[in-house]
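Below is one structure, written out as structure tokens; comments come after it.
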Amino acid sequence: MPKFACQCITWGPANNSENKELIFREVKQAGFAGLEMGARNLRPEFVDFYKEMLDKYELELAALHCGGEFTSDAAIEKNYASLQEAITIAKAMGLDKLFFSGFPNGWPDFKRDDESEFRSEAKVLERFGKECLDNGITLCYHNHHWEFLKDKMGLNIIFDVNPDYLKLVPDVGWVTRGGDDPVEFVKKYADRIVALHFKEFTAQGDFTELGTGIVNFPGVYELYKDDPDIWIVAEQDQSKTTPLESATANCRYLKTLAGI
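Using this note's numbering, you'd call the opening residue of the sequence shown number 6 and step up by one each time.
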């Protein structure tokens, strides 16, 4: 059976920055075995505190998540510095994976179909992936839906990156929003997949709890139900109730898929 984790984005920027113990406590209370944290909210000098919280609440750190846009040399170098700090934290925490999202210029406008921007990003991802590999870390790309525009132009460009330098943590919710079948998608790219993000959308494109929208999670889960090493991470960007209530509902759904 896969391991279930929760992405901390559900608790919002303020809590992720200033109230981390609340997040650890509520992730545990919701029933998860682990959590995924945004690297931008962590600092190397507080690694001992993060380890203490993991021990206190009997949680595992599934991964760190970082990202950025690459439309200027200044932005690239800023994100490279952030990546190096994330690598430092990951190594200190005993992690071997970093998840990475590429954001378009003008985020969160959700429009991105510029070929030159994707080619710039692919070049940077090759560099970043090599840096990670040299440090014993696997860089894993986290997709959104814009990679599927123009007949998957962005996806095809990004996946030209050397697979030794770039693996995949597919967000099956964004795959669905992009118009693709998530089951067929994960089958096609199975050799690059090291973890999964489960994000749910309503038919109108709103974030919602797992199992209450349009994404075929059972079909994807069926492919990984016997894999004890893979993390399935529930990622809900926004909650209309409370983070704890949403996280609890998401964990309950995942455990229902697993028959527990």
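Here a beta-carbon is modelled for each residue, glycine too, at the ideal position from N, C-alpha and C.
The continuous beta strand (DSSP E) containing Phe104 extends over residues Lys102 to Gly107. About 6 Å separates the CB atoms of Arg197 and Pro168; that is less than 8 Å, so the two are in contact. DSSP places Thr207 in the coil class of the three-state scheme, outside both helix and strand. Scanning Phe164, Asp101, Arg124 and Leu160 for the CA closest to the CA of Asn140 turns up Asp101. With respect to Met6, Val52 sits apart: the two C-beta atoms are not nearer than 8 Å.
Shown here, Ala38 sits in coil according to DSSP, grouped into three states, outside any helix or strand. In this structure, the beta-carbon distance from Ala10 to Glu41 falls below 8 Å.
In its chain, beyond the 5 residues on either side, Phe75 have a beta carbon closer than 6 Å to the beta carbon of Ser125. With contacts defined as CB atoms closer than 8 Å, Leu144 and Phe153 fail to qualify as a contacting pair. Taking a C-beta distance under 8 Å as the contact criterion, Asp176 and Phe212 do not qualify as a contact pair. Runs of beta strand (DSSP E) with 3 or more residues, each lying fully within the stretch 117–158, are found at 143–146, listed in chain order. The beta carbons of Gly39 and Leu69 sit about 12 Å from each other, so the pair does not count as a contact at 8 Å. Between Val220 and Pro187, the C-beta spacing is below 8 Å. For a cut-off of 8 Å, the C-beta gap from Glu189 to Ala254 is around 27 Å, too long to register as a contact.
Phe222: member of the alpha helix (DSSP H) spanning Phe222 to Tyr229, first to last residue. Within its own chain, the residues whose Cβ lies closer than 8 Å to the Cβ of Leu59, once the five positions on either side in sequence are excluded, are Phe29, Glu65 and Leu66, listed in chain order.
For Ile237, the uninterrupted beta strand (DSSP E) run begins and ends at Trp236 to Ala239, by DSSP. Proximity to Ala239 across Arg45, Val174, Ala252 and Tyr229 peaks at Ala252, based on C-alpha coordinates. According to the DSSP secondary-structure assignment, Gln12 is paired through a beta bridge with Glu41. Cβ contact annotation for Lys204 (same chain, cutoff 6 Å, sequence separation greater than five): Asp176, Gly178 and Glu240, in chain order.
Secondary structure of Leu173 (DSSP, three-state): strand.
Rounded to the nearest angstrom, the Cβ distance from Val225 to Leu201 is 7 Å, consistent with a contact under 8 Å. Membership of Ala19 in the alpha helix (DSSP H) is indicated by the continuous run Gly17 to Glu23. By the Cβ-count criterion, Asn24 is exposed, with fewer than 16 other Cβ atoms from all chains shown falling within 10 Å of its own Cβ.
Gly210 sits away from Tyr258, with the two beta carbons spaced by 8 Å or more.
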